[in-house]
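For the sequence shown, my numbering begins at 4 and goes up steadily by one.
All residues carry an ideal CB built from backbone N, CA and C; glycine is no exception.
This report concerns only the one structure given below.
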Amino acid sequence: MLTAVLPRPRAPMEAEPVPAGPSALDAARAALAQGDWAGAAAGFRAVLADGEDAAALEGLAQCAWWQDDAEVCLGSREAAYRCHRAAGDDLGAARAATALAWDSLLFGRGAAVAQGWARRARDLLGAVPEAAEHGWLAVREAELALALGHDQVAAQASAERARDLGHRLGDSDLELAGQAFSGLAQVSGGQLAEGMARLDAAVAGATAGDVSDLMWMGKICCWLIVACHETQDVERAADWCRRVETICLDRDLRPLFNVCRIQYASLQVSRGTWPDAERELTGALDRLAGSQRGSRLDAVAQLGELRRRQGRLDEADALLAQAEFVPEAVVSRALVRLARGDAPAARRMLAEQLAQIPPAHRLARAAVLPAAAAAALAAGERDTAAAVADELRETADLVGTDALLGHAAAVEAALHDGPDAVARWSEAVRRYASAGLRFDEAEARLRLGEALLAEGDRGSGREQVLLAADAFAALAAGAHLERARSLLGAGPDASPLTARQTEILRLIAQGRTNAEIAAALHLSEHTVHRHVSNILTALGLGTRAAATAYAAGHGLI
C-alpha cells in the first residue's frame with residue numbers, strides 16, 4: 004500500500020508548535036518530512052524566535068511553498084541566502100539561490116528574476132567541490148530551459164547531468180528527478196518511446212518510496228502528466244492520475260494535486276468529457292483563487308479553450324485574455340479570431356508564437372501548427388500553410404501517435420480537394436476516433452461529409468454530417484451543430500421541428516419518459532414514440548441524451 008511507504012500526516016487541527024530547544028530543529032524537520040506543514044512551520048518559527056537560523060529559514064520556506072504562501076516562501080528563502088552568505092557558506096547560499104530560481108518563476112516574479120538567481124547559484128557553485136547542490140541546480144536549469152526558452156536540447160543535457168551526478172553520489176532523489184525530466188525533454192523533442200519509458204520508471208520508483216522529498220516525488224509525477232498532455236495520451240494519464248491523486252489527498256499535497264488535475268482536465272477537454280473537465284477546472288480555480296502560482300493561469304487557459312469548443316466565443320475570449328501569455332491561450336485566442344473572420348490577426352499571433360519555439364521542441368510546435376495552417380490558409384497564404392503541413396507531418400510520423408497523425412491528415416486534407424481530400428479526411432476521422440478525441444473526430448466527420456457531398460456522394464456525405472451532428476449535440480457544441488444542420492438543408496435560424504415536436508423535445512429534456520409525456524399532453528404512448536423518432540430524425544441525432552443537449556444548446560430548457 005502507498006500509505007505504508009508514505010504515512011498519513013496529522014490533521015491540521017492536531018498541529019502543535021514544536022518546543023524550542025536543542026532538538027527543536029530536528030523535530031521540525033521530521034514534521035516537514037511527514038507532510039505536517041502547519042506543525043513544521045510552528046517548529047521552525049520556534050527556532051527562529053531565538054534568532055535567525057539558515058536551516059530553519061529554509062524549512063519555513065518549504066512549509067510556505069506547500070501552503071501556497073508566496074511572500075513567506077520567497078522572503079524566507081532570501082533570508083536563508085543572506086544567513087548562509089554571512090556565515091561564509093557558499094554551498095548553502097547556492098542551495099537557497101537554486102530554490103529561488105524556480106520559485107521566483109512559479110510565484111510570478113518574472114523570468115529575469117528567476118534567471119538571475121540561477122546564475123547566482125552557478126557562480127557560487129563554481130568554486131565548490133562536487134555536491135548534490137550541483138545536481139539540483141542542473142534540474143532547475145533544465146526546467147527553466149524548457150519553460151522559458153523551449154530549449155529541449157539544453158533541458159535534456161542539464162537533466163542528464165543531474166541524473167548522472169545523483170547516480171555517482173547515491174542520491175536517488177536527484178537521480179530519479181534528473182531521469183524524469185530528461186524523459187520529459189525527450190518527449191518534447193519527439194523521442195516518445197524512450198522519453199515515456201524513462202518517465203514511467205521514474206514515477207514508479209518515486210511513488211514506491213525511492214524519492215524521500217515529497218515535493219520532488221510530486222513534481223516527478225506531474226512531469227509525466229505534462230508529457231501525457233503534450234502527446235494527448237489520455238489512457239496513460241488516467242492510470243497515473245489515479246495513483247497520484249491518492250497520494251496527494253492522503254498527504255495533503257494540494258499544490259501538486261492542483262497542477263496534476265489541471266493537466267488531466269486539459270486531456271478531458273480534448274477527449275470530449277466536457278462536464279468532467281469543467282468541474283475539474285472550476286474546482287481548481289476556486290482552490291487557487293488567492294494563489295500567485297502560474298497553474299491558476301493554466302486553468303484559466305484550459306477553461307477558455309473549453310468555452311471556445313462549446314462555441315461560447317465571448318466567454319472564451321474574456322478568459323483567454325486573462326492568460327494571454329500562456330502558450331495554449333495564445334493558440335485558443337487565435338482560433339477565436341479565426342472563428343470571427345479575422346484571419347490576418349490569427350495568422351500573425353500564431354506566427355509569432357511559432358517564432359518563439361525552436362525546431363527541436365517538436366511537440367510544443369506541433370501544438371501550434373494545426374491552427375497556424377488553418378489561419379494561413381484562411382488568409383490566402385497557401386504556400387505557408389503547405390510548409391506548416393509538411394512540418395506537422397514530419398513530427399507526426401516521428402512521434403507516431405494517433406492524435407498527431409490525425410492532426411497531420413486534417414491539415415493536409417484542408418489543402419486538397421476531390422478524392423484526395425476525401426481520403427485524408429477519412430484518415431483524420433479514423434485517427435481521431437482511435438485517439439478518443441471526440442470533438443476533433445466530429446469536426447473531421449463534418450469536413451469529410453462536405454467533401455463527399457462536393458463529390459456528388461450524397462448518401463455517404465449526409466451520413467457523415469449526421470454522425471457529426473449527433474456528436475456535436477452530445478457535446479453541447481451548439482455553433483458546430485448549427486453548421487452541420489445547415490449542410491443538411493436547415494439554415495441556422497430555421498427550426499426543423501413542428502410546434503408539437505418542440506413541446507415534446509422540452510419534455511424529453513426534462514427527463515420525462517414517453518409514458519409521462521403522453522399523460523402530460525393527453526396523447527397515446529404510441530403517438531409520443533412516433534414523435535420522438537421523428538424528432539431524432541429531423542435533428543440528425545441518435546439518442547435522447549443528444550436531444551437533451553440540443554435542447555439545452557437552443558434555449559429550450
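| Can you tell me the Cα-Cα spacing of G115 and A102, whole angstroms? | Within the sequence shown, the letter at position 112 stands for residue 115. Within the sequence shown, the letter at position 99 stands for residue 102. Residue 115 is actually Ala in this sequence, not Gly. C-alpha separation (whole angstroms): 15 Å.
| message | Comparing C-alpha positions only, which one of D106, A518, E519 sits nearest to M218? | response | For the purposes of this step, residue 218 is identified with residue 215 of the sequence shown, where counting begins at 1. With distances taken between Cα atoms, M218 lies closest to D106.
| said: With a threshold of 8 Å on Cβ separation, who are the neighbours of Q305 within its own chain once the five nearest residues in sequence on each side are excluded? | reply: Position 302 of the sequence shown holds residue 305. Taken in chain order, the residues that qualify are I265, A268, S269, V272, A280, L284, E331.
| query | For R533, does the count of other Cβ atoms within 10 angstroms reach 16, so buried, or fall short, so exposed? | reply | Taking the first residue of the sequence shown as position 1, residue 533 is located at position 530. R533 comes out exposed.
| What's the gap between the Cα of P495 and the Cα of L341? | Here residue 495 corresponds to residue number 492 of the sequence shown, with the count starting at 1. Here residue 341 corresponds to residue number 338 of the sequence shown, with the count starting at 1. Residue placement at P495 cannot be trusted, given a pLDDT of 44 that sits under 50; what the coordinates show is reported in the next sentence. Between P495 and L341, the C-alpha separation is close to 20 Å.
| query | Would you say A447 and A552 are within 8 Å of each other, going by their C-beta atoms? | reply | Start at 1 with the first residue of the sequence shown, and residue 447 comes out as number 444. Start at 1 with the first residue of the sequence shown, and residue 552 comes out as number 549. Taking 8 Å as the Cβ cut-off, A447 and A552 do not qualify as a contacting pair.
| field | Buried versus exposed call for Q182 [16 or more other C-beta atoms within 10 Å across all chains shown] | value | Taking the first residue of the sequence shown as position 1, residue 182 is located at position 179. The residue is buried, with at least 16 neighbouring Cβ atoms inside 10 Å.
| said: By the three-class DSSP mapping on this structure, what secondary structure does E384 have? | reply: As a working note, residue 384 is residue 381 in the sequence shown. Looking at E384 - three-state DSSP - the assignment turns out to be coil, as it is neither helix nor strand.
| request: Quick one: give me the first and last residue of the alpha helix (DSSP H) that H534 is part of. | output: Within the sequence shown, numbered from 1, the residue matching residue 534 stands at position 531. Its alpha helix (DSSP H) spans residues 528-542.
| query | Which runs of the alpha helix (DSSP H), 4 residues or longer, sit entirely within the region 63-129? | reply | 73-89, 93-109, 114-128
| request: Give the straight-line distance between the Cα atoms of C76 and T398, rounded to the nearest whole angstrom. | output: Here residue 76 refers to the residue found at position 73 when the sequence shown is read from its first residue. Here residue 398 refers to the residue found at position 395 when the sequence shown is read from its first residue. Near 41 Å, if we compare the C-alpha coordinates of T398 and C76.
| Leaving out five residues before and five after A213 in sequence, what residues of the same chain have Cβ atoms less than 7 Å from its Cβ? | For this step, residue 213 is matched to residue 210 along the sequence shown. Note on identity: in this sequence residue 213 is Asp, with Ala being the wrong assignment. Within the same chain, D213 has close Cβ partners S175, L179.
| message | Suppose contacts are defined by Cβ-Cβ distances below 8 Å. Is L300 in contact with A326 by that definition? | response | To locate residue 300, count along the sequence shown from 1; it is residue 297. To locate residue 326, count along the sequence shown from 1; it is residue 323. Yes, the Cβ-Cβ distance between L300 and A326 is below 8 Å.
| said: Tell me which residues share the same chain as S79 and place their Cβ nearer than 6 Å to its Cβ, disregarding the 5 neighbours each side in the sequence. | reply: Here residue 79 refers to the residue found at position 76 of the sequence shown. Cβ neighbours of S79 beyond the five flanking positions: L60, L63, A64.
| Residues near A476 in its chain [Cβ-Cβ closer than 6 Å; skip 5 each side] | Translated into positions along the sequence shown, residue 476 becomes position 473. Cβ within range, chain order: L484, L544, A549, A552, Y553.
| message | Along the chain, where does the alpha helix (DSSP H) containing H410 start, and where does it finish? | response | As a working note, residue 410 is residue 407 in the sequence shown. Residues 405-417.
| Q356 (DSSP reduced to helix, strand or coil) | Along the sequence shown, one-based indexing puts residue 356 at 353. Residue state, collapsed to three classes: helix.
| Among the residues of its own chain, which have a CB less than 8 Å from the CB of S429, if the five just before and after it don't count? | Locating residue 429 in the sequence shown gives position 426, where the first residue counts as 1. So the list reads L451, once near-sequence residues are dropped.
| request: Might you give, ordered along the chain, the residues of its own chain that have their beta carbon closer than 6 Å to the beta carbon of V131, omitting 5 neighbours on each side? | output: By 1-based counting over the sequence shown, the position of residue 131 is 128. If we look at V131 and ignore the five residues flanking it on each side, its Cβ neighbours are D93, L94.
| request: Consult DSSP for R343 and reduce its assignment to one of helix, strand or coil. | output: By one-based count along the sequence shown, residue 343 stands at place 340. DSSP places R343 in coil when its eight states are reduced to three.
| field | Limits of the alpha helix (DSSP H) - the one that P362 falls within | value | By one-based count along the sequence shown, residue 362 stands at place 359. Unbroken run through P362: none, as it is neither H nor E.
| message | Using a Cβ-Cβ cutoff of less than 7 Å, which residues in the same chain neighbour A148 once the five nearest sequence positions on both sides are dropped? | response | For the purposes of this step, residue 148 is identified with residue 145 of the sequence shown, where counting begins at 1. Closer than 7 Å at Cβ, skipping near neighbours: D154, A157, A158, S161.
| said: How far does the alpha helix (DSSP H) with G46 in it extend, from its first residue to its last? | reply: Your numbering for residue 46 matches position 43 in the sequence shown. G46 -> alpha helix (DSSP H) spans 40-51.
| message | Output needed for A96: all residues of its chain with C-beta closer than 7 Å, excluding positions within five of it in sequence on either side, in chain order. | response | Locating residue 96 in the sequence shown gives position 93, where the first residue counts as 1. If we look at A96 and ignore the five residues flanking it on each side, its Cβ neighbours are Y84, H87, R88, L127.
| Close Cβ partners of L1 (< 6 Å) along its chain, the five nearest in sequence each way excluded | Coverage of the chain is limited to positions 4 through 560, which leaves residue 1 absent and any answer about it impossible.
| Considering only residues of the region 264-309, which uninterrupted alpha helix (DSSP H) runs meet the minimum length of 4 residues and lie entirely inside it, listed in chain order? | 277-290
| query | Going along the chain, which residues of its own chain have a beta-carbon closer than 7 Å to the beta-carbon of Y569, five neighbours each way excluded? | reply | With the chain covering 4 to 560 only, the question about residue 569 has no answer from this structure.
| field | T546 classed as buried or exposed, judged by whether at least 16 other C-beta atoms fall within 10 angstroms | value | Residue numbering aside, residue 546 sits at position 543 when the sequence shown is read from its first letter. By the 10 Å Cβ count, T546 comes out exposed.
| Which one of G481, A472, S191, D253 has the shortest CA to CA distance from R315? | What you label residue 315 is simply residue 312 of the sequence shown in a count that begins at 1. Nearest option by C-alpha distance: G481.
| task | Taking 8 Å as the threshold, find out whether the region 407-423 comes into contact with the region 369-383 through three or more Cβ pairs. | result | yes
| task | Along the alpha helix (DSSP H) that carries F328, what are the first and last residues, could you check? | result | Position 325 of the sequence shown, counted from the first residue, corresponds to residue 328. It is not in any alpha helix (DSSP H) - F328 carries neither H nor E in the DSSP assignment.
| Can you tell me the Cα-Cα spacing of A523 and R310, whole angstroms? | For the purposes of this step, residue 523 is identified with residue 520 of the sequence shown, where counting begins at 1. For the purposes of this step, residue 310 is identified with residue 307 of the sequence shown, where counting begins at 1. Cα to Cα, the separation comes out at about 36 Å.
| Span of the alpha helix (DSSP H), counted from its first residue to its last, around Q155 | Taking the first residue of the sequence shown as position 1, residue 155 is located at position 152. Start and end: 155-172.
| task | Please name the residue in L256, R282, D167, R396 whose C-alpha comes closest to that of L366. | result | Taking the sequence shown and counting its residues from 1, the one referred to as residue 366 is at position 363. Comparing Cα-Cα distances from L366 to each of L256, R282, D167, R396, the minimum goes to R396.
| Neighbourhood of H529 by C-beta, 6 Å cutoff - its chain only, sequence neighbours within 5 removed | For the purposes of this step, residue 529 is identified with residue 526 of the sequence shown, where counting begins at 1. There are no such residues.
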